[in-house]
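Numbering (this note's numbering), first residue to last: 25 to 403.
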């Protein structure tokens, strides 16, 4: 098997799985129970939160454990919008956000919020001047992802944060799901940050929302408030501790891992460019972990299926929307030729990917393109 769909999800590290099982067996108590065993579990909870906060460079009370980035995105965006709507109902995002952000903005727009959707250039990056022009007296929230999951574009998050810090009444949310464990991010001028463990070799159903202490939210769920004032329910202690383990492992030797993926990306592009039927969509400025390509004349679903039969696994677009029979909204937002938009597949790499896997993948890709384009008509 050659797995090239790391952007969709990753295989959990053995240490993470072992941690989850160990905590599940030894610390199965409720962290809110008053008895001694509950206190032991609560102590472990606080240790995990402290480690996460330390690794991310934020305060412990700013960590909210969630079921993943989708919940974190919903909680941050809806939470800010509903809490501060008396101040203004104008919110800003981009046309290439993940569905768990974009569709929240569509929902808010449907109930009366005024939404500005920023365009991107061919590299998938917003125009900072256009963002500046979009800011208004009634703007309360800007939400822009750090790294795009389909084309790998990296937004100028630090520059945006420096701009928005001049507007204390505007909150800045960043979906960092595809950035954590791949690149370094400075959270100093970001008010809210979402992330999900399964994108960096952790477990599914486990995420974090960083919510800076000056930000207030309206909770999505109401209950006993046992997790935080913004999230009710019984804490998944094994999940939280496993998250802290996955995060520590992901951030260890980060630059070394990045350089390995960058080397693989360079080799992959060199091999792909030898085939005139392949057009690289991702820009040179994109994160090396994500590479989108286009093969005109072949339906991407057909190509993905053909490669799957060879036990090579990749995607046509974001896994959360890949089964929808419609063009990628992200690719459609790029100012590129329409023919290129209709035939895009996404290759996502890991520091665990090998040179041999890259070589075998390209060889089988070339074979599949030839068979589909010249013998089967790309159907």
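Think of the CB as a built atom: it goes at the ideal place given N, C-alpha and C, for glycine as much as any other residue.
Close Cβ partners of residue 120 (< 7 Å) along its chain, the five nearest in sequence each way excluded:
Counting only Cβ-Cβ distances below 7 Å, and skipping sequence neighbours, we find 144, 148, 172, 354, 357.
Backbone secondary structure at residue 123 - three-state DSSP:
Helix.
Going residue by residue through the region 308-354, where are the continuous alpha helix (DSSP H) segments of at least 4 residues, counting only ones entirely within it?
The region 308-354 contains these whole alpha helix (DSSP H) runs: 324-332.
Distance between residue 196 and residue 231 (C-alpha atoms, nearest Å):
Taking the Cα positions, residue 231 is about 19 Å away from residue 196.
By the 10 Å Cβ neighbour count, where 16 or more other Cβ atoms means buried, how is residue 96 classified, buried or exposed?
Classification for residue 96: buried.
Determine, using beta carbons only, whether residue 31 and residue 255 come nearer to each other than 9 Å.
Against a cut-off of 9 Å, the Cβ pair of residue 255 and residue 31 comes out as no contact.
Output needed for residue 140: all residues of its chain with C-beta closer than 8 Å, excluding positions within five of it in sequence on either side, in chain order.
Excluding sequence neighbours, residue 140 sits near 114, 115, 116, 117, 158.
Would you kindly work out how many angstroms separate the C-alpha atoms of residue 136 and residue 103, rounded to a whole number?
For residue 136 and residue 103, the gap between their C-alpha atoms comes out near 15 Å.
Could you check what DSSP says for residue 391 in three-state terms: helix, strand or coil?
It is helical.
Could you tell me which uninterrupted alpha helix (DSSP H) segments, each at least 4 residues in length, are contained entirely in the region 115-184, listed from first to last along the chain?
Whole alpha helix (DSSP H) segments, 4+ residues: 123-134, 152-158.
Residue 150 and residue 268 - do their beta-carbons sit closer together than 9 Å?
For residue 268 and residue 150, no; Cβs fall outside 9 Å.
Whether or not the region 199-211 and the region 74-94 are in contact is what I'm after, with contact meaning three or more pairs of Cβ atoms, one per stretch, closer than 8 Å; do they touch?
In this structure the region 74-94 lies against the region 199-211, because at least three pairs of beta carbons, one per stretch, are closer than 8 Å.
To the nearest angstrom, how far is it from the Cα of residue 263 to the Cα of residue 80?
Their backbone Cα atoms lie some 18 Å apart in a straight line.
Does the distance from the C-beta atom of residue 163 to that of residue 191 stay below 9 Å?
Cβ atoms of residue 163 and residue 191: closer than 9 Å.
Any 3 or more C-beta pairs closer than 8 Å across the region 268-280 and the region 317-332:
Not touching, per the Cβ criterion.
Starting from the Cα of residue 280, find the closest Cα among 242, 388, 206 and give me that residue.
Measuring from the Cα of residue 280, the nearest candidate turns out to be 206.
With a threshold of 8 Å, establish whether the CB of residue 47 neighbours any heavy atom of the ligand ADP.
In the structure shown, the ligand ADP is absent, as is every other ligand, since no ligand is present at all.
If you draw a straight line from the C-alpha of residue 49 to the C-alpha of residue 311, how long is it?
If you take the alpha carbons of residue 49 and residue 311, they lie about 39 Å apart.
Could you compute how far the alpha carbon of residue 216 sits from the alpha carbon of residue 105?
A straight line joining the alpha-carbon of residue 216 with that of residue 105 spans about 13 Å.
Is residue 196 helix, strand or coil when you go by DSSP?
Per DSSP, reduced to three states, the secondary structure at residue 196 is strand.
Please state the DSSP three-state secondary structure of residue 76.
Under the three-state reduction of DSSP output, residue 76 falls in the helix class.
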